[in-house]
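*Asks:* Mind looking over this structure? Questions follow.
Below you can see the structure in the form of structure tokens.
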């Protein structure tokens, strides 16, 4: 091989390493979106819902645009709020794919696998165990009062980060209110945070202007994707022990009829899983199964 050809090949390999394509997964919720404070922004029955679908979509687009600027070439978005049909699909870039509606085995993280380089959370909120946070809850504000893994209180953010961690993928950026961002940071470690509003109470916040929120999300995303190697996956060593505490008495009683569930107290069940993937599948059944009987 001629010396010049050899150096050209070496240079092409080095350049390829520097410009390696990045694949990004975005899980989008709505409670943590700029300006959201009550149910009026969160569902089809609210008078501001359609406006805030626009804001939710714009936050996701801010993250997408910044990620692409930092080298992302493939992006998958999971619409992970309410009915899973909130993002305005026609306003997303045409090369972005979108996961919508339910049920799905990995919940808010459906579509994640080991081919991704990083995960971004937009519009996230604090956990139901948190004393602060706008619309703070974990998976179901109507159903649960606590969710713990191996004795540690989990937010939707830390649970979803642990699911990504099973595939070796780190969470690199989260946006939401201050309680949500700080809670996830305290649980999973190094992650960029875009605080788009400061919580005052469950139904009140001091919010940024939407355009300022988009700029902040873009800034944090750009930095995170450019520096993606500094973030580490959040891994929970199995076996996993999950404690689920319900608001009502009956779910824990009925689930305890199955040997895989142990009733800890009147409102709490415990189950074990080999890893977070299996735990996610079980929690989806616990929360989403709507059984019924037909009398012939």
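Residue numbers (my numbering): 29 to 324.
Glycine included, each C-beta is placed from N, C-alpha and C at the ideal position.
If you're wondering where the values come from, they're calculated on a predicted model, not measured in any experiment.
#1: Could I get the ranges of all uninterrupted alpha helix (DSSP H) runs contained in the region 276 to 301, with 4 residues as the minimum, in chain order?
#2: Tell me the DSSP secondary structure of residue 243 in three-state form.
#3: For residue 137, report the span of its beta strand (DSSP E) as first-last.
#4: With distances taken between CB atoms, is the gap from residue 107 to residue 56 smaller than 7 Å?
#5: Between which two residues does the beta strand (DSSP E) holding residue 205 run?
#6: So which of 66, 260, 96 and 88 has the shortest CA-CA distance to residue 238?
#7: By the 10 Å Cβ neighbour count, where 16 or more other Cβ atoms means buried, how is residue 137 classified, buried or exposed?
#8: Can you tell me whether DSSP reads residue 97 as helix, strand or coil?
#9: Let me make sure I understand the geometry here. Which of 49, 243 and 110 has the alpha-carbon closest to that of residue 168?
#10: Here's the rule: buried if 16 or more other CB atoms are within 10 angstroms of the residue's CB, otherwise exposed. What is residue 324?
#11: How about residue 151 and residue 207: are their beta carbons less than 7 Å apart?
#12: Exposed or buried, what is residue 40 when buried is set at 16 or more other beta-carbons lying within 10 Å of its beta-carbon?
#13: Grouping DSSP H, G and I as helix and E and B as strand, with all else coil, what is residue 104?
#14: How far does the beta strand (DSSP E) with residue 71 in it extend, from its first residue to its last?
#15: Could you have a look at residue 76 and say whether DSSP puts it in helix, strand or coil?
*Replies:* Let me spell this out:
#1: Listed in chain order, the alpha helix (DSSP H) runs fully inside the region 276 to 301 are 278 to 283, counting runs of at least 4 residues.
#2: Correct three-state label for residue 243: helix.
#3: Unbroken run through residue 137: none, as it is neither H nor E.
#4: yes
#5: 199 to 205
#6: 88
#7: Within a 10 Å sphere around the beta-carbon of residue 137 sit 16 or more other beta-carbons, which makes this residue buried.
#8: helix
#9: If you compare the alpha carbons of 49, 243 and 110 with that of residue 168, the shortest gap goes to 110.
#10: Because residue 324 sits at a pLDDT of 48, beneath the cut-off of 50, its placement in the model cannot be relied upon, and the following sentence gives the value as read from the coordinates. Under this definition residue 324 is an exposed residue.
#11: Contact flag unset, no.
#12: In this predicted model, residue 40 has a pLDDT of only 43, less than 50, meaning its place in the structure is not dependable; the value taken from the coordinates is given anyway. Residue 40 comes out exposed.
#13: strand
#14: Premise fails: residue 71 is in no beta strand (DSSP E) and is neither H nor E.
#15: coil
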